[in-house]
């Protein structure tokens, strides 16, 4: 099993990238 993590600054597009790669629908929120 492959395990990977996405690490980065807030509002950098990590969830968008995850949704595109995994064909998932994780919610993307805007945090200050």
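Numbering (the working numbering), first residue to last: 3 to 34. Glycine included, each C-beta is placed from N, C-alpha and C at the ideal position. Only a predicted model underlies this, so the values are computations on that prediction, with no experimental measurement involved.
Task: Cβ neighbours of residue 13 in the same chain (closer than 8 Å, five flanking residues each side left out) - done: Counting only Cβ-Cβ distances below 8 Å, and skipping sequence neighbours, we find 32 and 33.
Task: Helix, strand or coil at residue 30 [DSSP, three-state] - done: Of the three classes helix, strand and coil, the one that applies to residue 30 here is coil, per DSSP.
Open item on the list: Tell me which residues share the same chain as residue 17 and place their Cβ nearer than 6 Å to its Cβ, disregarding the 5 neighbours each side in the sequence.
Closed with: For residue 17, where only same-chain residues beyond five positions count, the Cβ hits under 6 Å are 28 and 30.
- [ ] For residue 26, I'd like the list of residues in its chain whose CB is within less than 8 Å of its CB, leaving aside the five on either flank, ordered along the chain.
- [x] Closer than 8 Å at Cβ, skipping near neighbours: 20.
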